[in-house]
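Novice: Protein chains in written order, with my numbering: chain A, 2 to 300; chain B, 2 to 300. Pasting a structure here, questions to come.
Number of protein chains: 2
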Amino acid sequence: MVDPVIIGTVALDSIKTPFGKVDDALGGSACYASLAASFFSKPGILSIIGKDFPKEFITFLNQRSIDTNGIVTGDKTFKWKGYYEFDMNEAKTLDTELNSLLSYNVEVPDQYKDAKYIFLANIDPELQLKVINEIKNPELIVMDTMNFWIDNKKKELLETIKKADILVFNDGEARQLFETPNLVTAAKAALKLVSKAVIIKKGEHGALLFTKDKHFSAPGYPLEKIKDPTGCGDCFGGAFTGYLSKTKDLSEKNMRKAIVYGSVIASYNAEDFGTERLKNINMEDIEKRFDELKSIREF
Amino acid sequence: MVDPVIIGTVALDSIKTPFGKVDDALGGSACYASLAASFFSKPGILSIIGKDFPKEFITFLNQRSIDTNGIVTGDKTFKWKGYYEFDMNEAKTLDTELNSLLSYNVEVPDQYKDAKYIFLANIDPELQLKVINEIKNPELIVMDTMNFWIDNKKKELLETIKKADILVFNDGEARQLFETPNLVTAAKAALKLVSKAVIIKKGEHGALLFTKDKHFSAPGYPLEKIKDPTGCGDCFGGAFTGYLSKTKDLSEKNMRKAIVYGSVIASYNAEDFGTERLKNINMEDIEKRFDELKSIREF
Chain A
2 MVDPVIIGTV
12 ALDSIKTPFG
22 KVDDALGGSA
32 CYASLAASFF
42 SKPGILSIIG
52 KDFPKEFITF
62 LNQRSIDTNG
72 IVTGDKTFKW
82 KGYYEFDMNE
92 AKTLDTELNS
102 LLSYNVEVPD
112 QYKDAKYIFL
122 ANIDPELQLK
132 VINEIKNPEL
142 IVMDTMNFWI
152 DNKKKELLET
162 IKKADILVFN
172 DGEARQLFET
182 PNLVTAAKAA
192 LKLVSKAVII
202 KKGEHGALLF
212 TKDKHFSAPG
222 YPLEKIKDPT
232 GCGDCFGGAF
242 TGYLSKTKDL
252 SEKNMRKAIV
262 YGSVIASYNA
272 EDFGTERLKN
282 INMEDIEKRF
292 DELKSIREF
Chain B
2 MVDPVIIGTV
12 ALDSIKTPFG
22 KVDDALGGSA
32 CYASLAASFF
42 SKPGILSIIG
52 KDFPKEFITF
62 LNQRSIDTNG
72 IVTGDKTFKW
82 KGYYEFDMNE
92 AKTLDTELNS
102 LLSYNVEVPD
112 QYKDAKYIFL
122 ANIDPELQLK
132 VINEIKNPEL
142 IVMDTMNFWI
152 DNKKKELLET
162 IKKADILVFN
172 DGEARQLFET
182 PNLVTAAKAA
192 LKLVSKAVII
202 KKGEHGALLF
212 TKDKHFSAPG
222 YPLEKIKDPT
232 GCGDCFGGAF
242 TGYLSKTKDL
252 SEKNMRKAIV
262 YGSVIASYNA
272 EDFGTERLKN
282 INMEDIEKRF
292 DELKSIREF
């Protein structure tokens, strides 16, 4: 059975950083998220590609137990071209070709409709909402977004957030969406919209979890060599949801663990270009880094 | 006995934030640091004031068991005027009157020379070095600095750092001094200069401790209402050194606790203008927030 269902983009990314470059690599929010989730569960992707999409990429996803029956084929694949400068904190976009994404109107295959866990990775909030409405009886809806939708579809974005159980976004987006510099204030505002929890991703500084009466602060993993941070946020959300769908425990305590697994996989992802690093880590590597994160926060 | 000895500025601060303002309030790196240290130990200040310095400020410091015999009196007190904008992250300076600081050439009173712990709060690195040379047999030298000295006295600053056991600075200063965006890289470079440890203060994101073979990540306390962040970094360093001088345990494990106490007192300090908040907290408040920081990092 497919779980979690992940909607998001599947893309061909061309990325340049101070440490090298890569052209037309497998990318997109749904790819990163499902690869991260696949360490824990058997995700299925809802997305669109083009006729130009390399078949070996689909084969690779399937080898990782990712169901791709929810990926439809349009004309040309969504392409993103960007670079990172010296500080590696912010991706600069050189070119975006939306291509087939422009006409995408998600259809959920029957075999996805019984899924209990949904991860709404970054994509148009109207498409995210459509998925929520088509899954029969979800137990947990985790939602990510990005500044583009805050700028361009804020009303639709807020409507979708109100249907989510857990909102995952980064510190800049939290400040922007709730018009406050204070992350605690932003998180409390967000908590009024969702049913369960708010997670704020802070890159190298870790992540924060806010529930109605508790707060958790996950440390960042001290990475010295960051080659390409593309997709780290998607990995975080995918691993978080994947771990919860595996353990079927939605307690605050287990969400804390899920966040740390999310951080671990995101930290590995930054160590190489595109999805390369995720290809050669296993559960042993993940548990090792999980334990390291335990030891660095002990006092 | 006076311990730790703290050199730094004693100032009259005029501060404006979105939440109010204050004029000619007690401030300066040595004041914040010694008030923070005074919760744990009996610090003594090395600094200079002017004839205009209100006597009641000295009385207040003495009431907190802070020795002020190392404070000499020159012409006029150092004055700083600044403001914080909406985001409260960065102080903007309106006016700096160095006044008596310009002619300050620290003299260490005899009764300070047997101190075992030194906190070199932010001040000219040449004065910091002079203190190191005049204390007879120190067990621990903790050193803070700021971007001004990186810009204007980098050579002297590096000379002084080489005599310190623990360097405490903020993330921006770490990146600037070692010319790298990566904090792990900056910390490793700094570790080559000092004998014991490097601490990077990250404001709301907590603090990092690096020793030769270990790493600790302290969570930030989730503050919703920040009135005035002036002096938080000084409080952190002062409390850190004060706690170590009280416990006389320089193990990495105890340094972790000292960092958390530093974070606790810095977080209280931000809740009101100038040193106001530090006047009405006690050890019970401090232990309460220490325990809260334990619970928010548990997984």
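Glycine included, C-beta positions come from ideal geometry on N, C-alpha and C. All values derive from a computational prediction rather than experimental measurement.
1) Exposed or buried, S252 of chain B, counting other C-beta atoms within 10 Å across all chains shown (16 or more means buried)?
2) In terms of residues, what are the limits of the alpha helix (DSSP H) holding G133 of chain A?
3) Name, in chain order, the residues that DSSP records as bridge partners for T94 of chain A.
4) Looking at the structure shown, is Y118 of chain A part of a helix, part of a strand, or coil, going by DSSP?
5) Please name the residue or residues paired with G185 of chain B in a DSSP beta bridge.
6) For a contact defined as C-beta to C-beta under 7 Å, what are the partners of T248 of chain A on chain B?
7) Counting only beta-carbon atoms, is K258 of chain A nearer than 8 Å to chain B?
8) Give a yes or no on contact between the segment 205 to 218 of chain B and the segment 11 to 19 of chain B, applying the rule of three or more CB pairs nearer than 8 Å.
9) Looking only at C-alpha atoms, which of B:I59, B:G21, B:E299 and B:N255 sits nearest to S35 of chain B?
10) With DSSP collapsed to three states, give me the class of L210 of chain A.
11) Measure the C-alpha to C-alpha separation of A38 of chain B and K137 of chain A and round it to an integer number of angstroms.
12) Could you pull out every unbroken alpha helix (DSSP H) segment of at least 4 residues lying fully inside the segment 27 to 71 of chain B, listed in chain order?
13) What's the C-alpha gap between F79 of chain B and N153 of chain B?
14) With a threshold of 8 Å between beta carbons, is R298 of chain A in contact with chain B?
15) Give me the residue from A:L128, A:I16, A:E86 and A:V195 with the minimum Cα distance to Y1 of chain A.
16) Tell me the residue span of the beta strand (DSSP E) that contains V107 of chain B.
17) Determine the chain B residues that contact L224 of chain A at a beta-carbon separation under 9 Å, and present them in chain order.
18) Going along the chain, which residues of its own chain have a beta-carbon closer than 6 Å to the beta-carbon of E86 of chain A, five neighbours each way excluded?
19) In whole angstroms, what separates the C-alpha of G275 of chain A from that of G173 of chain B?
20) F41 of chain A: buried (16+ other C-beta within 10 angstroms of its C-beta) or exposed?
21) Can you tell me which of A:N63, A:V195 and A:K156 puts its alpha carbon nearest to the alpha carbon of L168 of chain A?
22) Between the segment 51 to 70 of chain B and the segment 16 to 36 of chain B, do at least 3 Cβ pairs fall closer than 8 Å?
23) Which partner residues does D4 of chain B have in the DSSP bridge list?
24) Which residues, in chain order, does the segment 74 to 98 of chain B contribute to contact with chain A at a C-beta distance below 7 Å?
25) Under a CB-based cut-off of 8 Å, is E205 of chain B close to chain A?
26) Going by DSSP, which residues form a beta bridge with F217 of chain B?
27) Is V169 of chain A close to chain B? Criterion is C-beta to C-beta, closer than 8 Å.
28) Just to confirm, are D53 of chain A and K77 of chain A a CB contact at a threshold of 8 Å?
29) With which residues is D145 of chain B paired in a DSSP beta bridge?
30) Check the Cβ of G243 of chain B against every Cβ in chain A and list those closer than 7 Å, keeping chain order.
31) Quick one: what does DSSP say G75 of chain A is sitting in, helix, strand or coil?
32) State yes or no: is the beta carbon of V199 of chain B nearer than 8 Å to at least one beta carbon in chain A?
33) Of all the CB atoms in chain A, is at least one closer than 8 Å to the CB of P220 of chain B?
34) Suppose the cutoff is 7 Å on Cβ atoms and the five residues either side in sequence are ignored; what does the same chain contact list for K163 of chain A look like?
35) Can you pull the chain B residues whose beta carbon is under 7 Å from the beta carbon of V195 of chain A, in chain order?
36) When the Cα atoms are used, what is the spatial distance from A165 of chain A to F241 of chain B?
Specialist: Inspection of the coordinates gives the following:
1) So S252 of chain B counts as exposed.
2) Correcting the residue identity first, residue 133 of chain A is Ile in this sequence and not Gly. P126 to E135 is the span of the alpha helix (DSSP H), which, as asked, contains I133 of chain A.
3) Bridge partners of T94 of chain A according to DSSP: A:G83.
4) If DSSP states are grouped into helix, strand and coil, Y118 of chain A belongs with the strands.
5) The sequence as given places Val at residue 185 of chain B; Gly does not occur at that position. Partner(s): none; V185 of chain B has no beta bridge.
6) Here the premise fails: no neighbours, minimum Cβ distance about 13 Å.
7) Contact with chain B is found for K258 of chain A, since one of that chain's Cβ atoms lies less than 8 Å from the residue's Cβ.
8) Below 8 Å, too few C-beta pairs join the segment 205 to 218 of chain B and the segment 11 to 19 of chain B to call them touching: fewer than three.
9) Ranked by Cα distance from S35 of chain B, the options B:I59, B:G21, B:E299 and B:N255 are led by B:I59.
10) L210 of chain A: strand per DSSP, three-state reduction.
11) Pairing A38 of chain B with K137 of chain A, the inter-Cα distance amounts to about 59 Å.
12) Listed in chain order, the complete alpha helix (DSSP H) runs (minimum 4 residues) inside the segment 27 to 71 of chain B are 30 to 38 and 56 to 64.
13) Taking the straight line joining both Cα atoms gives about 19 Å.
14) Yes, because at least one Cβ of chain B sits closer than 8 Å to the Cβ of R298 of chain A.
15) This structure cannot speak to residue 1 of chain A, because chain A is shown only from 2 to 300.
16) For V107 of chain B, no beta strand (DSSP E) encloses it, and the DSSP letter there is neither H nor E.
17) Ordered by position in chain B, the residues that pass the 9 Å Cβ test against L224 of chain A are N183 and V185.
18) Contacts found: none.
19) In a straight line, the C-alpha of G275 of chain A is about 29 Å away from that of G173 of chain B.
20) F41 of chain A comes out buried.
21) Comparing Cα positions, the closest option is A:V195.
22) Cβ pair count under 8 Å is three or more, so yes.
23) Partner(s): B:K43.
24) Taking 7 Å as the upper bound on Cβ-Cβ separation, chain A lies near residues F87, D88 and M89 of the segment 74 to 98 of chain B.
25) True, the Cβ-Cβ gap to chain A drops below 8 Å.
26) DSSP lists B:L210 as partners of F217 of chain B.
27) So no, V169 of chain A is outside the interface.
28) D53 of chain A is a Cβ neighbour of K77 of chain A, given a cutoff of 8 Å.
29) DSSP links D145 of chain B through a beta bridge to B:V169.
30) Here the premise fails: no neighbours, minimum Cβ distance about 17 Å.
31) The answer is coil: DSSP assigns G75 of chain A none of H, G, I, E or B.
32) With 8 Å as the cut-off, V199 of chain B does not count as an interface residue toward chain A.
33) Yes, its Cβ sits closer than 8 Å to a Cβ of chain A.
34) The beta carbon of K163 of chain A is closer than 7 Å to those of L194 in its chain, skipping five residues each way along the sequence.
35) Against V195 of chain A, chain B offers no close residue; the least beta-carbon distance is about 18 Å (beta-carbon pairs closer than 7 Å).
36) Roughly 42 Å separates the two Cα atoms.
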